[in-house]
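Number of protein chains: 2
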Amino acid sequence: MNDSQKPRNLTVDGWPANRPTSSVSESDRAAGIEVTGNFSRFSQRNDMFNRSRWDDVVDGSKAKSFFRSHTRPKPRRGDGFQQRDFALRNASWVVADTYANRGMKEGRREGFLDPLEPFFPVAEMRPEAVAPEVMSRQIKRIAKLFGADLVGICEYDERWSYADRFDFQNKGTRPNELPPGLVHCIVLGYQMDKTLVDAYPSALASTAAGKEYSHEAGSLMQISQYIRNLGFEALANMNDTALAIPYAVKAGLGEYGRNQMAITEEFGPRVRFSKIFTDLPLAHDAPKRFGVTEFCEICRRCAESCPPQAIPTGPPSEHGPNRSAISGVVKWTADCEKCFDYWVKLSSDCGICMRVCPYNKDFSRPIFRLYRRLMGTRLRGLMLRLDKALGFGARRKPKDWWDDAEAAGE
Amino acid sequence: MNDSQKPRNLTVDGWPANRPTSSVSESDRAAGIEVTGNFSRFSQRNDMFNRSRWDDVVDGSKAKSFFRSHTRPKPRRGDGFQQRDFALRNASWVVADTYANRGMKEGRREGFLDPLEPFFPVAEMRPEAVAPEVMSRQIKRIAKLFGADLVGICEYDERWSYADRFDFQNKGTRPNELPPGLVHCIVLGYQMDKTLVDAYPSALASTAAGKEYSHEAGSLMQISQYIRNLGFEALANMNDTALAIPYAVKAGLGEYGRNQMAITEEFGPRVRFSKIFTDLPLAHDAPKRFGVTEFCEICRRCAESCPPQAIPTGPPSEHGPNRSAISGVVKWTADCEKCFDYWVKLSSDCGICMRVCPYNKDFSRPIFRLYRRLMGTRLRGLMLRLDKALGFGARRKPKDWWDDAEAAGE
Chain C
13 MNDSQKPRNL TVDGWPANRP TSSVSESDRA AGIEVTGNFS RFSQRNDMFN RSRWDDVVDG
73 SKAKSFFRSH TRPKPRRGDG FQQRDFALRN ASWVVADTYA NRGMKEGRRE GFLDPLEPFF
133 PVAEMRPEAV APEVMSRQIK RIAKLFGADL VGICEYDERW SYADRFDFQN KGTRPNELPP
193 GLVHCIVLGY QMDKTLVDAY PSALASTAAG KEYSHEAGSL MQISQYIRNL GFEALANMND
253 TALAIPYAVK AGLGEYGRNQ MAITEEFGPR VRFSKIFTDL PLAHDAPKRF GVTEFCEICR
313 RCAESCPPQA IPTGPPSEHG PNRSAISGVV KWTADCEKCF DYWVKLSSDC GICMRVCPYN
373 KDFSRPIFRL YRRLMGTRLR GLMLRLDKAL GFGARRKPKD WWDDAEAAGE
Chain D
13 MNDSQKPRNL TVDGWPANRP TSSVSESDRA AGIEVTGNFS RFSQRNDMFN RSRWDDVVDG
73 SKAKSFFRSH TRPKPRRGDG FQQRDFALRN ASWVVADTYA NRGMKEGRRE GFLDPLEPFF
133 PVAEMRPEAV APEVMSRQIK RIAKLFGADL VGICEYDERW SYADRFDFQN KGTRPNELPP
193 GLVHCIVLGY QMDKTLVDAY PSALASTAAG KEYSHEAGSL MQISQYIRNL GFEALANMND
253 TALAIPYAVK AGLGEYGRNQ MAITEEFGPR VRFSKIFTDL PLAHDAPKRF GVTEFCEICR
313 RCAESCPPQA IPTGPPSEHG PNRSAISGVV KWTADCEKCF DYWVKLSSDC GICMRVCPYN
373 KDFSRPIFRL YRRLMGTRLR GLMLRLDKAL GFGARRKPKD WWDDAEAAGE
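Going down the list, the protein sequences come from chains C and D.
Each residue of the first sequence is one higher than the last, beginning at 13 in the working numbering.
Each residue of the second sequence is one higher than the last, beginning at 13 in the working numbering.
Written out as structure tokens, the structure reads:
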């Protein structure tokens, strides 16, 4: 008896009841997620951005100048940090900023500390019932229509919700309460521009991040509104509310890598993730493995290329280096204090670990799809040496990006 | 002496002074624009949407139900007008709605009656001067990075600015004042989804419009912010402030067609246009002709397919059928009263004239690029007969779109 033939419980309006979730341990195993008895949920107050506002361990005044560079940049002579670079980066953020700032007076910071506020409320009526498998396919198509590059669906998992939200007004915490019954998670992936990512570290390259934050904010507003217009609840969240990476892995969008990112088959590490929690009956995807774990075990390119040496060179561990790491999850965990300190020095985020990753390739080209396949075989050691020998992952000069941009605009 | 060798006047900070505009009559001729002595600027109060709020000629209560369908739709049984269709269409608008609604209390309606409000003010300093030709190429590349599908640049032209703005609070007019010195116009084109447009008329198809309104709003915020971050003024406008079509034609993005649209080489009529007025020194594009005028002269497909017969079958004329037409411009002019009345009946915009246009083809396919080329030759009569014989322009069933969407989501 295949899955679609199983009898379903139907709710009063004819929609199938949301099915009980599968065994967590089984689903964890398939995703390569290992949680120990030391597990506790992560408090958003311990996120580095938030710590810079209350924790004396972080140099608050320097952090302030990092944040200020996004509104009043101080360009310098170096290539990639001139006025045009900051001009482009700061422009890329403005849609995300629009949503982040609109509720500031009411104590909200949408997309960072709080979910995106719905535009219209949940419709009072629902259309005729649709099977979860069918609805999942429709939602994926519609998410792509509204700009998502990748879409996967898995079950909601309380473990990845923040233990509490950071309160930016009093520097303390607020409860992270979600409406009940949102048992599914739609995970959305947004590709970051390769031509920009290849110029990390620079204010120019950082445009790749800002552009997708803005892209996501608008796209999530639309996708979640579609669900609400069908008469179901949908909570659209970006960096707020819950961790994104475990969901991306569970929903089959990527495998966890040494650089702390979900490495996708389509775009490697060059993806930003968002989530929508919903009670719309949906079928789930399974985690997908294509050899990333095994490759990362032998590859230390990200760790070796990290100027502040924030990325571990050793095996996965359940112990993080400081309070900005979740505890009780066996994984590669970066030292976020060192990482953020470097961002502050640059007045820009740093994505060297994304740029140098051997999975940062243009997989629309058949040669790189073959390359990726070989990286997932026992030839991985050879592939790693080859990757270095061929000079992949080298920084592209920001000036070259501008010169190419001019040529492309002709 | 070519253009880039000409001596330039430089402003105090080293940036080239904005050059005097070329002869209007010469530039009009190249664009196929003919303005007569009866010309007067169009008052935004006479736009059909605005007339529905003050003019007794328009049935206000029916118009209200049209607007209300965008917030509280009343789905019906017909294919393309069910809950899922309205759900998708109304979701597609929410980013444009976010910007349109945020200043309502202060009497603004951004993107419709007022330009988009800047996020950050104009930077106090400017980077090193860049030649207008170089800057135009950079701006085009950056506009595309931020989502525009087409970009052209021409001079600002006061004739296309509304004589005044509609005041939605007192139903009267407000002055349409622009900051001085914004002598250039960057014209942005956003492709509408062909799979949706082909399902016009339907609430589903109307998603193609809402999606691009939302897309434009975010994209314009980013592009105009980039210019402000370089220390120049940039006024981003959508349907507000000025007519878009003459700018699209002047900037070389398309040719004017019988269906009142700028027909582009890349996407035919399936494009929405926005503009950014700026004092950033820029080089201009020239209008481009590829045979549209001559084709539209013999083709009446849009006029014949229009249920309320709102599109003229005769030659261009300087006289419009009612106050919703600009006066003193020799062109094909639709009867907007009949057109809007039909929209109201549908509870949805209608794009039949876009769907049936023989230029509504997928020009990414070489066969259709050849087809388009032949449409621009003396074989146009034959091509028109061929187009009908092959059944192009037929309405795609909304149900088929949904079925395909499911298949695509697999």
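Idealized CB from N, CA, C, for every residue including glycine.
CA-CA distance, residue 175(D) to residue 66(C), rounds to 54 Å.
Scanning 271(C), 240(C) and 299(C) for the CA closest to the CA of residue 265(C) turns up 299(C). Buried is the label assigned to residue 276(C), since at least 16 other Cβ atoms lie within 10 Å of its Cβ. Fewer than three Cβ pairs drawn from the segment 30-44 of chain D and the segment 322-334 of chain D lie within less than 8 Å of each other, which leaves the two stretches out of contact. Assigned with DSSP and collapsed to three states, residue 197(D) falls in strand. Annotation: the continuous beta strand (DSSP E) that includes residue 48(D) extends over 47-52.
Scanning chain C for C-beta atoms nearer than 8 Å to the C-beta of residue 109(D) yields 131, reported in chain order.
Taken in chain order, the whole beta strand (DSSP E) runs of length 3 or more contained in the segment 228-294 of chain D are 246-249 and 283-290.
Secondary structure of residue 125(D) (DSSP, three-state): coil. Using a Cβ-Cβ cut-off of 8 Å, residue 303(C) does not count as an interface residue toward chain D, since no Cβ of chain D sits closer than that to its own. The Cβ atoms of residue 344(D) and residue 270(D) sit closer than 8 Å to each other. Look at residue 150(D) here: in three-state DSSP terms it is helix.
The Cβ-Cβ distance between residue 137(D) and residue 243(D) falls below 8 Å. Legend: CB atoms of the segment 239-264 of chain C lying less than 9 Å from CB atoms of chain D belong to residues 239, 240, 241, 242 and 243.
The continuous beta strand (DSSP E) containing residue 339(C) extends over residues 339-341. DSSP places residue 394(D) in the uninterrupted alpha helix (DSSP H) bounded by 392-401. Here residue 382(C) is exposed. Its C-beta has fewer than 16 other C-beta atoms within 10 Å.
When only Cα atoms are considered, residue 114(D) and residue 335(D) end up about 30 Å apart.
Looking only at 57(C), 352(C), 389(C) and 406(C), the smallest Cα-Cα distance to residue 186(C) is reached by 57(C). Among the residues of chain C, none has a CB under 9 Å from the CB of residue 274(D); the nearest is roughly 21 Å distant. Within chain C, the C-beta atoms nearer than 7 Å to that of residue 106(D) come from 131, 233, 234 and 237, in chain order. For residue 154(D), the chain C residues whose C-beta falls within less than 9 Å of its own C-beta are 100, 103, 417 and 421, listed in chain order.
DSSP, read as helix, strand or coil, puts residue 56(D) in helix.
Taking 8 Å as the CB threshold, residue 392(C) stays off the interface with chain D. Looking at 83(C), 377(C), 63(C) and 29(C), the one whose alpha-carbon comes closest to that of residue 182(C) is 63(C).
Contact annotation: residue 260(C) and residue 279(C) have beta-carbon atoms that are not nearer than 8 Å.
By the rule that beta-carbons nearer than 8 Å mark a contact, residue 150(C) touches chain D.
As summarised for the segment 55-105 of chain D, the continuous alpha helix (DSSP H) elements at least 4 residues long and confined to that stretch are 60-63, 72-80 and 95-104, given in chain order.
In the structure shown, residue 360(C) falls within a coil segment according to DSSP collapsed to helix, strand and coil. Leaving aside the five residues that flank residue 129(C) on each side, the residues in its chain whose CB is nearer than 7 Å to its CB run, in chain order, 115 and 122. At a cut-off of 8 Å between C-beta atoms, residue 83(C) counts as an interface residue with respect to chain D. Nearest in C-alpha terms to residue 248(C), of all of 233(C), 312(C) and 238(C), is 233(C). In the DSSP secondary-structure assignment, residue 380(D) is not bridged to any residue. Using beta-carbon distances, residue 187(C) does not count as an interface residue toward chain D, since no partner is under 8 Å. Excluding its 5 nearest sequence neighbours in each direction, residue 323(D) has C-beta neighbours in its own chain below 7 Å: 270, 271, 314, 315, 346 and 365, listed in chain order. DSSP places residue 308(C) in the uninterrupted alpha helix (DSSP H) bounded by 304-310.
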